[in-house]
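Below is one structure, written out as structure tokens, with a few remarks after it.
In our numbering, the protein residues as written are 310 to 448.
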């Protein structure tokens, strides 16, 4: 299963890898592709959706969708063959098509990893994260 969470905010997808603390930003066609995948569309339907929302067609779109899917799988944000379900958001229509890009950021990784959803010392609570030995790390 994917080890992250995502949110669509004003047409931008922000996805967070809860295992590493890296967060990702996708705008434009990349956000449309992510959203379509998250709603459960097949790869072929994602390509059709991007073509329809951006008034573009051709092999370039199919190639770009496949490349972005490969990146998402490599980042472990998407698990190949694992069906997703969700609502398809309405954004991206009428925008010029450009090669989908996913940006990654590590500047907040330490803070994200200290989020209370992670293992913490029961006696000290957050933000005292448990170390590999089960003892709270000094921070």
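By construction, the Cβ of each residue, glycine as well, lies at the ideal position given by its N, Cα and C atoms.
- For the pair residue 331 and residue 415, the CB atoms are nearer than the 8 Å cut-off.
- Straight across, the Cα-Cα distance linking residue 368 with residue 316 is about 29 Å.
- Residue 337 is classed as buried because its beta carbon has at least 16 other beta carbons within 10 Å across all chains shown.
- Under a 10 Å Cβ-count criterion, residue 353 is classified as exposed, with fewer than 16 other Cβ atoms of the shown protein chains found around its own Cβ.
- In the three-state DSSP reduction, residue 334 falls in the strand class (E or B).
- Less than 8 Å separates the beta-carbon of residue 355 from that of residue 374.
- Of the other Cβ atoms in all chains shown, fewer than 16 fall within 10 Å of the Cβ of residue 318; this residue is therefore exposed.
- Residue nearest to residue 423 within the set 366, 324, 382 and 329 is 329 (criterion: CA-CA distance).
- Looking at the DSSP output, residue 315 shares a beta bridge with 324.
- Counting only the Cα atoms, residue 409 lies some 11 Å from residue 371.
- Within its own chain, the residues whose Cβ lies closer than 6 Å to the Cβ of residue 413, once the five positions on either side in sequence are excluded, are 331 and 333, listed in chain order.
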